[in-house]
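Structure record follows, encoded as structure tokens.
Protein chains in written order, with the numbering used here: chain A, 14 to 646; chain B, 49 to 214; chain C, 23 to 133.
The following block contains the structure:
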């Protein structure tokens, strides 16, 4: 079965080609059938591969399709990696991807057929790139997918290209990603010079025994790539702006899959990170800082999608914290559960926006509970899951990361819990302002409120079920003997790292229970506070002051980037442009003018008078003689 | 100073002075006459070098034929010192200076040449006699000799074609 | 006579020819100066011919080394005669067209 692995990315590629090339001829229903059907086919193949991988006695395989680059000693083949990690990611991508495709077919029904087909073509291309990223058996193939998702996110964020702000957001995402990609690319180059290969098998086998300094350099560069792709400080600002795209796109790209590319990459190269403690510390601290920072911004946002976007950034921070403290399984677990509930939340938000006729400001919502029952229930479950209420999925994954952080340093744990509390607060602020209380929108909007069609609610229900029960594959040891099936499943992937890591400190069971349920209890209290406070929310015109205002303006980070980086850069560019115009062009044109001028002067020599020619000839002869006879000495 | 040297210096002085007169006399007819004198002096040098054949040819061809042709042309155009075009002073000066410095430079360059003390004895040898040259000309150099006749023919045709009134 | 004398004589005549070419504007005079320069070269050739003959004759009195040079002079005269024919024809032609032999009017090369 794993020989057929190439089918998984092939289907979306075919879908992309058909939809992209035939966009003027295909009807909307055909487009959505092709778009969703190809992903469904991939999902089925992925499922079969997953069961094969899961079966005992499976050994990781590399399926080589053809030689991609073959230069001197460097040989890069177009090969796919089939093992536990990639199979799991295949399931997440194609599964969640399929649901989002299904949802999109209803959500985007207002578009004209060619644009509808364009949308699905991009979406399929995106899934293809993501699959390539996850399946690649070396860093170059991974990089191809890496670039592909960057491109697709640019295309999809700027999907409504008639709006200039959206185009700017798309460009911002692209540029930010490029900065990260540069780091990734440099990391690959260094890797090639160090190991002479980018194959996972070669690199990971050679990592042990490589000087730590070099390993630190490579991993830091790779991490720069992860920063860009997974929206970590300082390259996170593109993600909130990326909400310009259609909401399902936000769900697919900016919540469930693309942003997890960085997590996947680090989890994949876990041994290299384990061997360089400096990078691990950097990863952990960056992740933690991002988690807190983004959560604090999310507290005061009023755009339903912006809140979710910052929440995504914050959750990604948790994943990096997990990676940084060596809880690779926990990070991957969180990727998975996060994919479920964040896709759910985004799609729920999409349903709300759809019902509200593209109103995104939660101050104008409220009381949607009775109008959108299915959306309301599923959204609530998603909020509970992300807040970490047992026994929903978010509880287990977040708990695992926090426990690992505590083992590393209690400070990490305290800050992590602080972030979790903020998460609970802003999620329930969002929930309460949207669904509870009285409707605050216009009368017209209220009149048109309606539940979304089945194609939109079915994915919501499926994702809600996954969010609720998805956590049970990773129940901690304390609660259930052998409950952490995911850890057992992923163990071969992280075996090398596990062997390298220092002996594990074990917490006492009492301590673990206390942490687990203590935190859950505090979160519950926070939820109740938020619920009470914001279900009675009234529109005010009062401006926020102090810290609130700073948070509302996202810590002024965009403004800071603008003044510190963009403006000097622009100034420098215009200086260079002037320099180019005046100095460089001056030299170039000056040479031309000099030649013209001197030619014009030299023309007088060509008088046409033979006498003057002879005179010059004689003079030249004299000079030659002088040089010949008297210069030599 | 024997008679050979006296003759050598006399002919040399005559050649150089006449050459100068060729350049500096204003009347073209005088120039031609001075040039004929130069050729006579040069023929005298040939005789001194025992190159009798060349001396005679020089007189016949140059002094006789060519210079007469010149003379004819000049008279045909009715030139005299009044119709003579004059260059401006500075150009003349420049030309003179250029020629003079070429002379200087050549003399300075060849002053210490390695052959400078080799002798040229005029009276010896028979290579310049018509007997020897004729034999060489009609054996080894017979092809160039014949080709030169073609050259003459084409020169004649050319002169006729150019000179023809159209 | 040392060969040097002949060399210097030839150089002098040659340079006088050059001065003539440079300073005069009359095409015929310039042509004559060119003839003068040719003759200067001829003298040189003959002188060298004798020089080489003398060097060879000490070893072999019957040698005819140097006769090539004199034949060279002969051919130069042949060519000069042909050249003068054509050249004078051109000058006559020019005189017929522009009624002057002033080479300053011959600046058509510029165009």
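C-beta atoms are modelled at their ideal positions from N, C-alpha and C, and glycine is treated no differently.
The structure displayed is predicted, hence computed values, not measured ones.
Taking 8 Å as the Cβ-Cβ cut-off, the region 72 to 93 of chain C approaches chain B at 72, 73, 75, 76, 77, 79, 86, 87, 88, 89, 90, 92 and 93, given in chain order. For residue 186 of chain A, the three-state secondary structure derived from DSSP is helix.
When C:128, C:55, C:65 and C:48 are compared, the shortest CA-CA separation from residue 59 of chain B is found for C:65. Within the same chain, 484 and 487 come within 6 Å of residue 409 of chain A by CB-CB distance, once the 5 residues on both sides are set aside.
If the five residues before and after residue 170 of chain A are omitted, its C-beta is found closer than 6 Å to the C-beta atoms of 182, 183, 186, 255, 257 and 258, all from its own chain and listed in chain order. Neighbours of residue 126 of chain C across chain A, judged by C-beta separation under 8 Å: 622 and 624.
Closer than 7 Å at the C-beta level to chain C, one finds these residues of the region 178 to 190 of chain B: 180, 181, 184, 185 and 189. In this chain, the alpha helix (DSSP H) harbouring residue 31 of chain A covers 20 to 34. By the C-beta density criterion, residue 165 of chain B is exposed, having fewer than 16 other C-beta atoms within 10 angstroms. Between residue 305 of chain A and residue 381 of chain A, the CB-CB gap reaches or exceeds 8 Å.
Beta-bridge analysis with DSSP links residue 84 of chain A to A:87. From the beta-carbon of residue 26 of chain C, the residues of chain B found nearer than 7 Å are 164. When the alpha-carbon of residue 269 of chain A is set against those of A:323, A:351, A:300 and A:211, the nearest one is in A:351.
The beta carbon of residue 111 of chain B sits closer than 7 Å to those of 84, 87 and 88, all from its chain and outside the five residues before and after it, given in chain order. Closest in alpha carbon position to residue 384 of chain A, among A:340, A:463 and A:66, is A:463. Beta-bridge partners of residue 75 of chain A (DSSP): A:94. With respect to residue 137 of chain A, residue 25 of chain A sits close: the two C-beta atoms are nearer than 8 Å.
Put simply, the CB of residue 66 of chain C is far from chain B, with every gap to its CB atoms at 8 Å or more. A check of alpha carbon separations from residue 35 of chain C across B:55, B:71 and B:181 identifies B:71 as the nearest.
CA-to-CA, the gap between residue 147 of chain A and residue 153 of chain A works out to about 12 Å.
By the 16-neighbour rule on beta-carbons within 10 angstroms, residue 281 of chain A is buried. Cβ atoms of residue 98 of chain B and residue 171 of chain B come within 8 Å of each other, at about 6 Å. Taken through DSSP and simplified to helix, strand or coil, residue 379 of chain A comes out as coil. Within the region 39 to 59 of chain C, those residues whose Cβ lies closer than 9 Å to any Cβ of chain B are, in chain order, 39, 40, 41, 42, 43, 44, 45, 46, 47, 48, 50, 51, 53, 54, 55, 57 and 58. Interface residue (Cβ-Cβ distance to chain C less than 8 Å): residue 618 of chain A is not classified as such. Note on residue 300 of chain A: 16 or more other CB atoms within 10 angstroms of its CB, so buried under the neighbour-count rule. Closer than 7 Å at the C-beta level to chain B, one finds these residues of the region 630 to 646 of chain A: 631, 632, 634, 635, 638, 639 and 642. In summary, residue 572 of chain A is exposed, with fewer than 16 beta-carbon neighbours lying within 10 Å of its beta-carbon over all protein chains present. Note: residue 24 of chain C is bridge-paired with B:167 in the DSSP secondary-structure output.
Where residue 395 of chain A is concerned, the enclosing alpha helix (DSSP H) starts and stops at 386 to 400. Along the region 81 to 92 of chain B, going in chain order, the ones with a CB nearer than 8 Å to a CB of chain C are 83, 86, 87 and 90. By the CB criterion at 8 Å, residue 93 of chain C and residue 94 of chain B fall outside the cutoff.
A direct Cα-to-Cα measurement between residue 584 of chain A and residue 481 of chain A gives close to 52 Å. In the displayed model, residue 223 of chain A falls within a strand according to three-state DSSP. Here residue 469 of chain A has 116, 119, 120, 360, 363, 364 and 367 as same chain residues with Cβ atoms under 8 Å from its own Cβ, once five neighbours each way along the sequence are excluded.
Using a Cβ distance threshold of 8 Å, residue 125 of chain C and residue 624 of chain A count as a contacting pair.
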